[in-house]
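Residue numbers (full-length UniProt numbering): 1 to 493. By construction, the Cβ of each residue, glycine as well, lies at the ideal position given by its N, Cα and C atoms. Structure record follows, encoded as structure tokens.
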Amino acid sequence: MSFASLGLSAPLLKAVAEQGYDTPSPIQSQAIPAVLEGRDVMAAAQTGTGKTAGFTLPILHRLSQGDRPRAGSQIPVRALILTPTRELAAQVGESVATYGKHLPLKSAVVFGGVKINPQIATLRQGVDILVATPGRLLDLYQQKVVRFDKLEVLVLDEADRMLDMGFIHDIRKILAVLPKQRQNLLFSATFSNDIRNLAKGLVNDPVELSVTPRNAAAATVKQWVHPVDKSRKPALLSHLIQTHQWQQVLVFTRTKHGANRLTKYLEGQGIEAAAIHGNKSQNARTKALADFKSGGVRALIATDIAARGLDIDQLPQVVNFELPNVAEDYVHRIGRTGRAGASGQAVSLVSLDEKKELAGIERLISQRLTSEAVTGFEPTPGGGPKVDENEGRQPRGGQRRGDGGQRRGNGGGGRGNSAGGRGNGGGRGGDSRRGEGRSASSSQGGSQDDNRGNRIDSGNRGNRSGDAPAQRRQRSRGGQRRSGGGGTSNGNV
Ligand code: AMP
1 MSFASLGLSA
11 PLLKAVAEQG
21 YDTPSPIQSQ
31 AIPAVLEGRD
41 VMAAAQTGTG
51 KTAGFTLPIL
61 HRLSQGDRPR
71 AGSQIPVRAL
81 ILTPTRELAA
91 QVGESVATYG
101 KHLPLKSAVV
111 FGGVKINPQI
121 ATLRQGVDIL
131 VATPGRLLDL
141 YQQKVVRFDK
151 LEVLVLDEAD
161 RMLDMGFIHD
171 IRKILAVLPK
181 QRQNLLFSAT
191 FSNDIRNLAK
201 GLVNDPVELS
211 VTPRNAAAAT
221 VKQWVHPVDK
231 SRKPALLSHL
241 IQTHQWQQVL
251 VFTRTKHGAN
261 RLTKYLEGQG
271 IEAAAIHGNK
281 SQNARTKALA
291 DFKSGGVRAL
301 IATDIAARGL
311 DIDQLPQVVN
321 FELPNVAEDY
331 VHRIGRTGRA
341 GASGQAVSLV
351 SLDEKKELAG
361 IERLISQRLT
371 SEAVTGFEPT
381 PGGGPKVDEN
391 EGRQPRGGQR
401 RGDGGQRRGN
411 GGGGRGNSAG
421 GRGNGGGRGG
431 DSRRGEGRSA
441 SSSQGGSQDD
451 NRGNRIDSGN
461 RGNRSGDAPA
471 QRRQRSRGGQ
481 RRSGGGGTSN
491 GNV
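Okay, structure coming up:
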């Protein structure tokens with residue numbers, strides 16, 4: 001099967017060829033014809049399957065075929081793509097710009113954590129396709145900067161994550177102001193009952209697609225476990241990086257503090273490392289990611305939220321320094337490698353106290369992970385010396401107060417997001433509605449990007465890196481974490 005046989009127009013085929021794609025991925029070959037036909041779609045597809053092009057290409061096709069409506073002097077938004085995090089918004093926005101580069105359509109990305117004014121300026125000029133995180137979008141709508149009366153297509157991308165992050169109320173508010181007559185595309189890695197409930201009121205006679213078995217990890221990712229004492233994990237990681245000469249490794253820790261501590265440790269071992277998490281400023285995050293992609297940083301140490309949506313071409317190696325509390329996050333983590341058919345490796349360093357999490361993960365992926373002790377790092381029967389995870393952390397009370405301030409506060413930043421605007425000084429950021437954003441990000445407008453994808457015409461670009469509203473997710477997930485096993489990390493992810 002070729003992209004041409006799917007019925008896409010020549011400018012899109014040209015853009016796809018420029019990206020070096022020869023064959024549509026399974027989600028693309030199923031979703032593109034359905035979307036072109038104008039059908040609603042409900043697709044179970046996780047990041048890494050090529051889902052973004054699966055909805056972006058046919059949307060661009062349809063919008064470029066129809067007449068561009070006018071609403072007064074402004075071009076009204078015709079396609080709205082909602083994403084949970086600023087990283088994902090940035091990436092989707094980049095895909096829209098890349099695939100649409102030979103079409104006369106305008107696109108923009110808006111999200112929180114950065115100034116709103118550049119976004120307002122961009123939107124006032126009018127855009128055909130808007131990629132947004134929900135909180136900032138609502139702000140902009142309430143400020144009457146954006147209108148949806150001519151909206152033709154709505155996409156909810158990573159809908160499961162949006163619900164996890166507590167966006168349901170914002171989503172419902174947004175749905176309430178959209179025209180009833182529209183095409184709806186719902187993408188989600190998993191289809192929980194909550195997602196199905198949301199879908200009921202959203203999609204109409206949808207084409208249902210599924211490209212990966214529920215909660216399956218990409219088959220191309222080789223996964224295994226190294227059992228090890230907790231206290232020896234840093235040394236084992238350093239050993240693995242050095243002996244295997246891993247040049248680009250994404251490492252997941254559970255907490256921001258843990259990410260900082262590990263970064264320092266690796267640097268002390270002569271391994272270039274950088275941390276990416278919600279306490280880092282937007283600029284620091286962007287720089288860490290850019291350095292990691294360019295090879296200046298060998299190990300990127302990330303928390304789950306920060307890493308969500310990162311699309312790093314051909315990432316060969318993922319390490320779970322600690323297993324996540326939520327088994328689904330394991331699948332998301334290792335989805336950073338083995339993307340679009342490439343092979344990848346995911347290794348988990350598992351200490352005795354993580355047995356329960358490991359069992360949960362194995363249940364979820366219906367697979368037993370090979371466990372292999374590394375010589376010199378074999379676990380001791382009692383699990384080795386105790387590790388003080390709180391070492392170096394702020395006192396609990398202070399932390400809480402800090403979080404509270406972030407949650408409710410944000411006097412200056414307002415709720416919100418802002419878009420970055422290429423040429424207008426904004427950056428892409430995530431959604432930091434209700435001030436939950438980040439401590440240090442609000443006015444970062446740095447529009448460094450990684451030079452992937454050429455956006456023509458596209459209103460906004462900028463920081464690819466951004467933060468998800470961690471605290472909100474924490475809050476909303478608190479009740480949902482089933483296997484949570486000893487509550488860790490609230491507010492620290
Ligand atoms: P996504 O699942 O949309 O995040 O896409 C994952 C990665 O696959 C992105 O880096 C895309 O650029 C890449 N990709 C998407 N479609 C194709 C294709 N048909 N062939 C090769 N790579 C692709």
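Membership of residue 95 in the alpha helix (DSSP H) is indicated by the continuous run 86-99.
For residue 276 and residue 289, the gap between their C-alpha atoms comes out near 8 Å. For residue 272, there is no enclosing alpha helix (DSSP H), as DSSP gives it neither H nor E.
The residue among 234, 273, 262 with its C-alpha nearest the C-alpha of residue 247 is 273. Residue environment: residue 101 is assigned as buried (16 or more neighbouring CB atoms within 10 Å of its CB, all protein chains considered). No residue range can be given for residue 1, since it is assigned to no beta strand (DSSP E) and is classified by DSSP as neither H nor E.
Cα atoms of residue 334 and residue 75: separation of roughly 40 Å, rounded to the nearest angstrom. With fewer than 16 other beta carbons inside 10 angstroms of its own, residue 38 counts as exposed. In this structure, residue 140 places its C-beta atom within 8 Å of the C-beta atom of residue 110. Contact between residue 92 and residue 207 is ruled out by a C-beta separation of about 21 Å, above the 8 Å threshold. The three-state secondary structure of residue 374, taken from DSSP, is coil.
Taking all protein chains shown into account, residue 354 has 16 or more neighbouring C-beta atoms within 10 Å of its C-beta and is therefore buried.
Separation of residue 120 and residue 136 (C-alpha to C-alpha, rounded to the nearest whole angstrom) is 11 Å.
Membership of residue 153 in any alpha helix (DSSP H) is not indicated; the residue belongs instead to the beta strand (DSSP E) covering 153-156. Residue nearest to residue 43 within the set 249, 254, 28 is 28 (criterion: CA-CA distance).
In the pairwise beta carbon analysis, the region 366-384 is classified as touching the region 227-241: at least three pairs are separated by under 8 Å. Under the three-state reduction of DSSP output, residue 348 falls in the strand class. The continuous stretches of alpha helix (DSSP H) do not include residue 223, which lies in the beta strand (DSSP E) extending over residues 221-227. Linking residue 116 to residue 52 through their CA atoms gives a straight-line distance of about 26 Å.
Between the beta-carbon of residue 146 and that of residue 77 there is about 6 Å, and that keeps the pair under the 8 Å contact cut. One Cα belongs to residue 271, the other to residue 283, and the distance between them is close to 22 Å.
Beta-bridge annotation (DSSP): residue 208 is paired with 42. Between residue 96 and residue 131, the beta carbon gap of about 6 Å places them in contact (Cβ cut-off 8 Å). Check the Cα spacing between residue 54 and each of 347, 261, 346, 33: the tightest is with 33. With a cutoff of 7 Å, residue 85 does not count as near the ligand AMP, since its C-beta is closer than that to no heavy atom of the ligand.
Between the region 78-90 and the region 357-365 there are fewer than three inter-stretch CB-CB distances shorter than 8 Å, so the stretches are not counted as touching.
Take the alpha-carbon of residue 142 and the one of residue 114: they are about 18 Å apart.
Going by beta carbons, residue 346 and residue 318 fall inside the 8 Å limit. Listed in chain order, the alpha helix (DSSP H) runs fully inside the region 139-190 are 159-164, 168-176, counting runs of at least 4 residues. Relative to the non-hydrogen atoms of the ligand AMP, the Cβ of residue 51 comes within a distance shorter than 7 Å of at least one.
In this structure, residue 162 lies away from residue 174, with their beta-carbon atoms at least 8 Å apart. Taking residue 84 as the centre and dropping the five residues before and after it, the same chain places the C-beta of 158, 161, 162, 165 closer than 6 Å to its C-beta, in chain order. Checking the DSSP bridge columns, you'll see residue 331 has no partner listed.
In this structure, the alpha-carbon of residue 357 lies about 52 Å from that of residue 68. Residue pairing of residue 320 in beta bridges, as defined by DSSP: 252, 348. Under the DSSP assignment, residue 25 falls outside any beta strand (DSSP E); it carries neither an H nor an E label.
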